[in-house]
Amino acid sequence: AVVSTQSTGKHLKNVKAPKVLDISKDLSEWGFAPTHLGKYDVGICINMIHITPIECTYGLFRNMSKLLATGGLLFTYGPYAVDGVISPQSNIDFHNSLRQRDPRWGLRDVYHLKEMSEKEGMKLEMVIDMPSNNKTLVFRRLPPDSDTERSVREMSIKSVEAR
Numbered sequence: 754a755v756v757s758t759q760s761t762g763k764h765l766k767n768v769k770a771p772k773v774l775d776i777s778k779d780l781s782e783w784g785f786a787p788t789h790l791g792k793y794d795v796g797i798c799i800n801m802i803h804i805t806p807i808e809c810t811y812g813l814f815r816n817m818s819k820l821l822a823t824g825g826l827l828f829t830y831g832p833y834a835v836d837g838v839i840s841p842q843s844n845i846d847f848h849n850s851l852r853q854r855d856p857r858w859g860l861r862d863v864y865h866l867k868e869m870s871e872k873e874g875m876k877l878e879m880v881i882d883m884p885s886n887n888k889t890l891v892f893r894r895l896p897p898d899s900d901t902e903r904s905v906r907e908m909s910i911k912s913v914e915a916r
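Under this note's numbering, the first residue of the sequence shown carries the number 754, and numbering increases by one thereafter.
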């Protein structure tokens with residue numbers, strides 16, 4: 754969703770105009786300067802994971818792992834399955850209605866999100882039960898601890914610099 758400049762306070766000098774991002778694409782396509790890499794302390798993703806194709810979730814972790822500073826946090830919010838189980842019935846019904854609208858959509862399992870995040874150098878730190886059968890998941894950006902992870906980050910930096 755795009756937020757209008759009117760609702761973000763177009764008369765405020767410290768509020769930038771909204772920018773449309775395709776989370777499934779590499780952040781090098783977003784126009785971010787290399788100086789943005791590893792500079793953010795927090796990322797927030799609300800009600801996106803269940804209502805987009807899985808490629809968007811992969812992109813979320815891939816891109817946030819590049820943008821977040823070591824120790825930075827990614828908060829996600831929405832309905833999730835836990836250990837392959839969707840509950841209560843209202844979430845089962847919601848999941849089925851999402852699948853009917855688009856078979857690529859649906860509630861994702863916390864375990865699979867944990868695995869995805871780990872592949873991108875992040876760790877699921879906390880699962881918080883929220884109202885209306887939703888959860889907040891808190892992921893932390895781990896320090897780079899392997900030559901492979903460092904080389905992936907360096908390639909991303911070079912990709913952004915080449916633009």
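Glycine residues also receive a C-beta, built at the ideal position from the N, C-alpha and C atoms. Quick caveat: nothing in here was measured; it's all calculated off a predicted structure.
In the structure shown, the three-state DSSP call for Thr810 is helix. Out of Lys819, Gly784 and Asp882, the CA that lies nearest to the CA of Gly831 is found in Asp882. Counted as a single uninterrupted DSSP element, the beta strand (DSSP E) harbouring Asn887 occupies residues Asn887 to Arg894. Assignment of beta-bridge partners to Arg861 by DSSP yields Tyr833. In this structure Asn886 does not touch Asn849 by the C-beta definition: roughly 15 Å separates them, more than the 8 Å allowed. With respect to Ile804, Leu851 sits close: the two C-beta atoms are nearer than 8 Å. Secondary structure at Met879: strand, using DSSP grouped into helix, strand and coil. For Leu821 and Gly791, the gap between their C-alpha atoms comes out near 5 Å. Taking C-alpha positions only, Val863 is separated from Ile797 by approximately 17 Å. In this structure Gly825 does not touch Asp779 by the C-beta definition: roughly 19 Å separates them, more than the 8 Å allowed.
Rounded to whole angstroms, Ala834 and Thr788 show a C-alpha spacing of 37 Å.
For the pair Phe892 and Ile776, the Cα-to-Cα distance works out to about 17 Å. Bounds of the beta strand (DSSP E) holding Ile799 are Tyr793 to Ile799.
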